[in-house]
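**Q** In our numbering, the protein residues as written are 7 to 255. Each residue gets a CB set at the ideal place from its N, CA and C atoms; glycine is no exception. Note that the structure is predicted; figures quoted are calculated from it, not measured. So that we are looking at the same thing, I have put the structure below in structure tokens.
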Amino acid sequence: MLKYPEGVLFMKDSIDDIKAILALRPKIAVLTGAGISAESGVPTFRGSDGYWKGKSAEDLASMQGFSQDPHGVWEWYNLRRQKLKDIKPNPGHDALVRLEELASSFTLVTQNVDRLHQQAGSGQVLELHGSIWPVRCMDCDYQEDRFQVDLPAEPRCPDCKGWLRPGVVWFGEALPFGIMEKADHAVRMADLFFIIGTSAVVWPAAGLAWTAREAGAKVVEINLEETPATEVAHISLLGKSGEILPQLL
Ligand code: BJW
Ligand code: ZN
7 MLKYPEGVLF MKDSIDDIKA ILALRPKIAV LTGAGISAES GVPTFRGSDG YWKGKSAEDL
67 ASMQGFSQDP HGVWEWYNLR RQKLKDIKPN PGHDALVRLE ELASSFTLVT QNVDRLHQQA
127 GSGQVLELHG SIWPVRCMDC DYQEDRFQVD LPAEPRCPDC KGWLRPGVVW FGEALPFGIM
187 EKADHAVRMA DLFFIIGTSA VVWPAAGLAW TAREAGAKVV EINLEETPAT EVAHISLLGK
247 SGEILPQLL
């Protein structure tokens, strides 16, 4: 663990304190959520624009939701895929690429499925909830990245004609094998942990904030509003991540 210089007080709103830690080349772990992509034009899940035809993420992003209405759920994903085609990373994504250069080790953990971190140039990204671009068959082992946005409304497997589904993690499903262990390890090693643009209500991702605090990291939250994770944050910066993150560098 880093020894912090005298005078670093960890005020709830102090950007200078974060800069002082960054000057020491800390080990950094970051967890991002939909809020970091909001300024690129990607709707968040639990904001006013998060509903689709009156349905919430909890209704749509589950095997139950898909079984009840596969056509409707694919319509939702196709719409999101189409939107993403014209969307670019924003200054928040870019700032995380530069933050990586200031750290002695850096792990970016995201709940986002939009791949905007990778598009911005972030190196290794742990995608806890998968990605919207791969499709996989529900009946056989077929899977591949499909970057074309005009998928049919009921896409079928070319091998067995079973239903294809997006390569994301729905409620009640396990996260990709081994990924939580990697994220947990990085967070436990970190001197500084950022939790950015997430409502911190979806587990196990949200639990990383509590893990970071228990393991001794300084926890910095960046969000438009307070969340359940604010209680474990040493520093809580209220505002847009695309405006706050560049100020740290
Ligand atoms: C800005 C901003 C700006 C806006 N700047 N900020 C423990 C307790 C209770 C429940 C559970 C538990 N453990 C597990 C559960 C169940 C469940 C869960 O968490 N439920 C709760 C909701 C109650 N979790 C699961 O089911 C997970 N699986 C699991 O636990 O498996 C166990 C298992 C093991 C072995 C075998 C089988 C099972 C899986 C969770 C999957 C979540 N999937 C989704 C959909 C992904 C696909 C898709 O995209 O379609 O992931 S749901 C949706 O929520 C999506 C997101 O990644 C996730 C989190 O949302 P996020 O990113 O936080 O977005 P928002 O909209 O909620 O918040 C945005 C925030 O940004 C807000 O705070 C704004 O203020 C802020 N903001 N603009 C800064 N400019
Ligand atoms: Zn198949």
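Against chain B, does D145 count as a neighbour if the rule is that its beta carbon must be under 9 angstroms from one of theirs?
**A** The structure shown contains no chain B; it holds only a single protein chain.
**Q** Is R194 closer than 9 angstroms to L108 when the C-beta atoms are compared?
**A** No, Cβ-Cβ distance for L108 and R194 is not below 9 angstroms.
**Q** Does the distance from the CB of I42 to the CB of I241 come in under 9 angstroms?
**A** For I42 and I241, no; Cβs fall outside 9 angstroms.
**Q** Just reading off the beta strand (DSSP E) that E133 is part of, what are its end residues?
**A** Element bounds for E133: 131-133.
**Q** Return yes when the C-beta of T113 is under 8 angstroms from any heavy atom of the ligand BJW, and no when it is not.
**A** It does not: the Cβ of T113 is nowhere closer than 8 angstroms to a heavy atom of the ligand BJW.
**Q** How big is the Cα-Cα spacing for Y83 and A26?
**A** Y83 and A26: Cα-Cα distance of roughly 42 angstroms.
**Q** Quick check: does the Cβ of G173 come within less than 8 angstroms of any heavy atom belonging to the ligand ZN?
**A** G173 Cβ: outside cutoff for every heavy atom of the ligand ZN.
**Q** Quick check: what's the CA-CA separation for V174 versus A192?
**A** V174 and A192: Cα-Cα distance of roughly 22 angstroms.
**Q** Does the region 116-125 come within contact of the region 79-98, defined as at least 3 CB pairs closer than 8 angstroms?
**A** Segments in contact, yes.
**Q** Is it a yes or a no for the region 225-243 touching the region 155-170, going by three-plus beta-carbon pairs under 8 angstroms?
**A** Counting Cβ pairs under 8 angstroms, fewer than three are found: no touch.
**Q** Label F183 either buried or exposed according to how many other C-beta atoms from any shown protein chain fall within 10 Å of its C-beta, with 16 as the threshold for buried.
**A** When all chains shown are included, F183 counts as exposed.
**Q** Would you report the Cα separation of L255 and L105, rounded to the nearest angstrom?
**A** Cα-Cα distance, rounded: 7 angstroms.
**Q** On the three-state DSSP scale, how would you describe K25?
**A** Looking at K25 - three-state DSSP - the assignment turns out to be helix.
**Q** For V207, count the other beta carbons within 10 Å of its own beta carbon; 16 or more makes it buried, fewer makes it exposed. Which is it?
**A** Answer is exposed; the Cβ neighbour count stays below 16.
**Q** Quick one: give me the first and last residue of the beta strand (DSSP E) that S242 is part of.
**A** Here the beta strand (DSSP E) through S242 covers 241-244.
**Q** Name the DSSP beta bridge partners of A35, please?
**A** DSSP lists T113, F199 as partners of A35.
**Q** Taking one C-beta from the region 37-56 and one from the region 197-213 each time, how about it: are there three or more such pairs within less than 8 angstroms?
**A** Touching, yes, given that three or more Cβ pairs across the two stretches are closer than 8 angstroms.
**Q** Starting from the N-terminal side, write out each stretch of the alpha helix (DSSP H) that is 4 residues or longer and does not extend beyond the region 153-216.
**A** Segments of the alpha helix (DSSP H) lying fully in the region 153-216: 185-195.
**Q** Look at the alpha carbon of L15 and the alpha carbon of G129, and state the distance between them as a whole number of angstroms.
**A** Here L15 scores only 48 on pLDDT, less than 50, and its place in the model should not be relied on; the value that follows carries that caveat. Each residue's Cα considered, the two are about 32 angstroms apart.
**Q** Over the uninterrupted beta strand (DSSP E) stretch that includes P140, give me the two end residues.
**A** 136-143 is the extent of the beta strand (DSSP E) around P140.
**Q** Using the C-alpha atoms, what's the distance from E81 back to D156?
**A** Going by the C-alpha atoms only, they are around 10 angstroms apart.
**Q** Throw me the rounded Cβ distance for the L37 and V115 pair, which I believe falls under 8 angstroms.
**A** Correct: roughly 5 angstroms between the Cβ atoms.
**Q** In chain order, what residues of the same chain have a beta carbon less than 6 angstroms from the beta carbon of L90, not counting five sequence neighbours either side?
**A** Excluding sequence neighbours, L90 sits near D120.
**Q** Measuring only the C-alpha atoms, how far is A215 from K246?
**A** Approximately 19 angstroms, taken between the alpha carbons.
**Q** Taking only three categories from DSSP, how would you classify N84?
**A** Helix at N84.
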